[in-house]
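Residue numbers (our numbering): 4 to 560. Where is the CB? At the ideal position from N, CA and C, for every residue including glycine. The block underneath contains the structure these notes are about, expressed in structure tokens.
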Amino acid sequence: MQNNRTSIIRLRQIRRVIRKYELVSLLDDLALSKKARMAVRLLFGSATLADDVRGARIRQALEELGPVFVKFGQALSTRPDLLPADIALELTKLQDEVPPIEGEQAIDTIRAAYNNEFDEIFESVDSHPMASASVAQVHAATLRQGNALEGKNGKKNPQVVVKVLRPGIEKTIESDLGIMYLMAGLLQKHWARGEQFKPLEVIREYDHTIHDELDLRTEAANCAQMGANFADTDIIYVPRVYWDYTHKNVTVMERIYGTSIREFDKLREQGHDLARLANDGVEVFFKQAFEDNFFHADMHPGNIFVSAEGKWIAVDFGIMGTLNDQDKQYLGEMLLGFFNRDYRSIADAHLRAEWIPVDTRVEEFETAIRTVCEPIFAKPISEISFGNVLLQLFQTVRRFEIPVQPQLVLLYKTLLNIEGLGRQLYPQLNLWDSAKPFLEEWMKQQHSPQALLNDLKRDWPQWRALLPKVPQMLEALAEGSSGEHRAELVALRSQLRVQQRRNLRQLFHQLLGFGLAGTGLLIYLLVESSVIAPSAVSAIAPWVGGSGLIWAYFKSR
Numbered sequence: 004m005q006n007n008r009t010s011i012i013r014l015r016q017i018r019r020v021i022r023k024y025e026l027v028s029l030l031d032d033l034a035l036s037k038k039a040r041m042a043v044r045l046l047f048g049s050a051t052l053a054d055d056v057r058g059a060r061i062r063q064a065l066e067e068l069g070p071v072f073v074k075f076g077q078a079l080s081t082r083p084d085l086l087p088a089d090i091a092l093e094l095t096k097l098q099d100e101v102p103p104i105e106g107e108q109a110i111d112t113i114r115a116a117y118n119n120e121f122d123e124i125f126e127s128v129d130s131h132p133m134a135s136a137s138v139a140q141v142h143a144a145t146l147r148q149g150n151a152l153e154g155k156n157g158k159k160n161p162q163v164v165v166k167v168l169r170p171g172i173e174k175t176i177e178s179d180l181g182i183m184y185l186m187a188g189l190l191q192k193h194w195a196r197g198e199q200f201k202p203l204e205v206i207r208e209y210d211h212t213i214h215d216e217l218d219l220r221t222e223a224a225n226c227a228q229m230g231a232n233f234a235d236t237d238i239i240y241v242p243r244v245y246w247d248y249t250h251k252n253v254t255v256m257e258r259i260y261g262t263s264i265r266e267f268d269k270l271r272e273q274g275h276d277l278a279r280l281a282n283d284g285v286e287v288f289f290k291q292a293f294e295d296n297f298f299h300a301d302m303h304p305g306n307i308f309v310s311a312e313g314k315w316i317a318v319d320f321g322i323m324g325t326l327n328d329q330d331k332q333y334l335g336e337m338l339l340g341f342f343n344r345d346y347r348s349i350a351d352a353h354l355r356a357e358w359i360p361v362d363t364r365v366e367e368f369e370t371a372i373r374t375v376c377e378p379i380f381a382k383p384i385s386e387i388s389f390g391n392v393l394l395q396l397f398q399t400v401r402r403f404e405i406p407v408q409p410q411l412v413l414l415y416k417t418l419l420n421i422e423g424l425g426r427q428l429y430p431q432l433n434l435w436d437s438a439k440p441f442l443e444e445w446m447k448q449q450h451s452p453q454a455l456l457n458d459l460k461r462d463w464p465q466w467r468a469l470l471p472k473v474p475q476m477l478e479a480l481a482e483g484s485s486g487e488h489r490a491e492l493v494a495l496r497s498q499l500r501v502q503q504r505r506n507l508r509q510l511f512h513q514l515l516g517f518g519l520a521g522t523g524l525l526i527y528l529l530v531e532s533s534v535i536a537p538s539a540v541s542a543i544a545p546w547v548g549g550s551g552l553i554w555a556y557f558k559s560r
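Quick look at the structure:
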């Protein structure tokens, strides 16, 4: 009963905010069903002409509705496939900043997590937070002597940061998510393009993301994984996680010291090479995406610092992205298509990756990509923003009513941040020159014999377990079939059994042949090393070895 009353109060607040910022006219722009339009009129009244632009009004409304809606707006700002460009751009201005909880309340929450061990772990915890956001806030702390661990720099620093969830945030999130699900369900049902854009899936994705942030162990694991990926390079510093002191609602990490990467003047005064920093950022991005399959998806300037040695330092690992091998393969093809202005390869990559429906006319899609990109490529290459090219592509995809893959959206967001930050550091940064050689070399490696061998090694245990079961699987399939298809399956099953016996014979002869070859080689080496004396057997050893190889070769054909 209490939850229902809370939801009703919250719905009334949302109604008031929608009317206050005159967002009813935006609902009118959607192709809603007749019933939905009538309901909008009854709930919100008639639309009025607003003075401010629509993006600003939506941003202000989200800010007034609170942190859960602010974070949702931030997530939507990275989805140009869902929103018009002007709204997406305005939502990037949303700030996830809220007043901190009282210091003593935060300290009490931290104490409760460690029970009686608090005083044994910490020398002190600063009650004034270093930073405060909607879900958690961060406090500086000092560990007691002997508790500090060695960081990547080889030093044991007792200075740490403690991140603690805001008390009661789970209830606030669940309440607002319930309302979001309700609104998304109605929109998906009554909006003409609801099945294309799938509002319910958008909310589910946001639900998953924000619940990950409610378990601080997830962020700690992300940090540890990224640290392991960069363990052999000093291009970026990742803080150490204190696993013994990490819980669901409290986590402890090594405290880092550096200059915010957005303080450009200060970085220059400190003598840092801004051009190298910019190019290091590009290298960090492509290593994460294409080599590690695991990338920091929230690399905005607030989460990046520069050490005294001029190295990147990353913080806040709450949002990470992953790419599977197929995603990387087609993404690499698509990006190289951009670099080479080969629009057909871009369209084909989308089709093979099943990012577009199979009934899409590839020629029409190719023409649309060319129409978008050619005016951009008319500029000097150093003036072209690679992030903006991808933005234009997403807008094209949106026009074709094709949903964009969520993992690619996170990658696009990260690339946009890296390129924007890099060009602020070094305006002459040419992402094209930096990325093209990397991608060409990466694609060459993906198609090399070694890559094929690695794939076979990786997948062989699965194939080895599956192959003996294939005849039984075909038999079961044949029993469920009839007529012509049944006969074909029975014949295929017989062929597979014959092939299976043939393979076993070949394997026997190969083992026999290679065994003879190995024995002959071993005897020859032992004689040459004077371990055994020459004899009649050793005299024919090379002939035995050669015969074994010939036997294995011909019996394998």
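So, does the segment 313-328 touch the segment 336-347, judging by three or more C-beta pairs under 8 Å?
Segment contact: the segment 313-328 against the segment 336-347, fewer than three CB-CB distances shorter than 8 Å; contact not assigned.
Just list the residues that DSSP pairs Leu146 with in beta bridges.
Beta-bridge pairing links Leu146 to Phe125.
Which of helix, strand or coil DSSP assigns to Gly324:
DSSP, reduced to helix, strand and coil, places Gly324 within a strand of the structure shown.
To which residues of the same chain is Thr95 closer than 6 Å at the C-beta, ignoring the five residues directly before and after it?
Closer than 6 Å at the Cβ level, and outside the excluded window around Thr95, lie Ser80.
Assuming Ala356 and Ile372 make a contact with CB atoms under 8 Å, what is their CB distance in whole Å?
Ala356 to Ile372, Cβ: 15 Å. No contact.
Helix or strand or just coil, what does DSSP make of Tyr240?
Reduced to three states, the DSSP call for Tyr240 is strand.
How about Gly523 and Pro545: do their beta carbons lie closer than 8 Å?
Contact flag set, yes.
Roughly how many angstroms lie between the CA atoms of Gly284 and Asn433, to the nearest whole one?
Going from the Cα of Gly284 to the Cα of Asn433 covers about 12 Å.
Outcome for Gln140 when other beta-carbon atoms lying within 10 angstroms are tallied against a minimum of 16:
Classification for Gln140: buried.
Using the Cβ count rule (16 or more neighbours within 10 Å means buried), how would you classify Tyr346?
Tyr346 is buried by the Cβ-count criterion.
Expressed to the nearest angstrom, what Euclidean distance is found between the alpha-carbon atoms of Glu198 and Glu204?
The alpha-carbon of Glu198 is positioned some 10 Å away from that of Glu204.
Reference Ile61, options Lys37, Ala34 and Ala91, closest by Cα:
Nearest C-alpha to Ile61: Ala91.
Distance check for Phe200 and Ile359, CA to CA, integer angstroms please.
A straight line joining the alpha-carbon of Ile359 with that of Phe200 spans about 14 Å.
Close Cβ partners of Arg389 (< 8 Å) along its chain, the five nearest in sequence each way excluded
Here residue 389 turns out to be Phe, not Arg, going by the sequence shown. Setting aside the 5 residues that flank it on each side, Phe389 is surrounded in the same chain by Phe341, Leu418, Glu422, Leu434, Trp435 and Ala438, each with a C-beta closer than 8 Å to its C-beta; the list follows chain order.
Measuring straight from C-alpha to C-alpha, what distance separates Val361 and Leu354?
So the alpha carbons of these two residues sit roughly 7 Å apart.
Please confirm if the segment 180-187 is in contact with the segment 153-163, defined as three or more CB-CB distances below 8 Å between the two stretches.
No, they do not touch.
Would you check if there are 3 or more beta carbon pairs closer than 8 Å linking the segment 206-222 to the segment 270-288?
As far as the Cβ criterion goes, the segment 206-222 does not touch the segment 270-288, which means the pair count is below three.
Compare the beta carbon distance of Trp194 and Leu29 with 8 Å and say whether it is the shorter of the two.
The Cβ atoms of Trp194 and Leu29 do not sit closer than 8 Å to each other.
What residues are listed by DSSP as bridge partners for His299?
Met323, per the DSSP bridge assignment.
Got a sec? Which residues, its chain only, sit under 6 Å from Gln191 by beta carbon, not counting five neighbours each side?
Excluding residues within five positions, the ones whose Cβ falls inside 6 Å are Gly197, Pro202 and Leu203.
Range covered by the beta strand (DSSP E) that runs through Met133:
Careful: Met133 lies outside any beta strand (DSSP E) and carries neither H nor E.
Using the three-state DSSP reduction, which class does Thr254 fall into: helix, strand or coil?
In the three-state reduction of the DSSP assignment, Thr254 falls in the strand class, which pools E and B.
Checking the sheet assignment: what are the DSSP bridge partners for Glu286?
Paired residues: none, contrary to the question.
In the DSSP assignment, the alpha helix (DSSP H) including Ile349 goes from what residue to what residue?
Unbroken alpha helix (DSSP H) run through Ile349: Tyr346 to Arg355.
List the endpoints of the continuous beta strand (DSSP E) containing Val165.
For Val165, the enclosing beta strand (DSSP E) has its first and last residue at Gln162 to Leu168.
Along the chain, where does the beta strand (DSSP E) that runs through Phe368 open and close?
Not the beta strand (DSSP E): Phe368 falls in the alpha helix (DSSP H), residues Val365 to Phe380.
Range covered by the alpha helix (DSSP H) that runs through Ala317
Run containing Ala317: none in the alpha helix (DSSP H); it sits in the beta strand (DSSP E), Trp315 to Ala317.
Spatial neighbours of Asp295 in its chain, beta-carbon cut-off 6 Å, leaving aside the 5 residues before and after
Excluding sequence neighbours, Asp295 sits near Asn232.
Between Gln15 and Leu46, is the Cβ-Cβ spacing less than 8 Å?
Inspection of the sequence shows that residue 15 is occupied by Arg rather than by Gln. Annotated as distal: Arg15 and Leu46, with beta-carbon spacing of 8 Å or more.
Between which residues of its own chain and Ile543 is the CB-CB distance below 7 Å, once the five residues before and five after are set aside?
Setting aside the 5 residues that flank it on each side, Ile543 has no residue in the same chain whose C-beta is closer than 7 Å to its C-beta.
What are the boundary residues of the beta strand (DSSP E) that Phe571 is part of?
Not covered by the structure: residue 571. The range shown for the chain is 4 to 560.
C-alpha gap between Asp2 and Leu413, whole angstroms
There is no way to answer for residue 2, as the model of the chain reaches only from 4 to 560.
Cβ neighbours of Ile387 in the same chain (closer than 8 Å, five flanking residues each side left out)
These residues qualify, in order along the chain: Ile379, Phe380 and Trp435.
What does the Cβ neighbour count give for Ala520, buried or exposed, with the cut at 16 atoms within 10 Å?
With 16 or more Cβ atoms within 10 Å of its Cβ, Ala520 is classed as buried.
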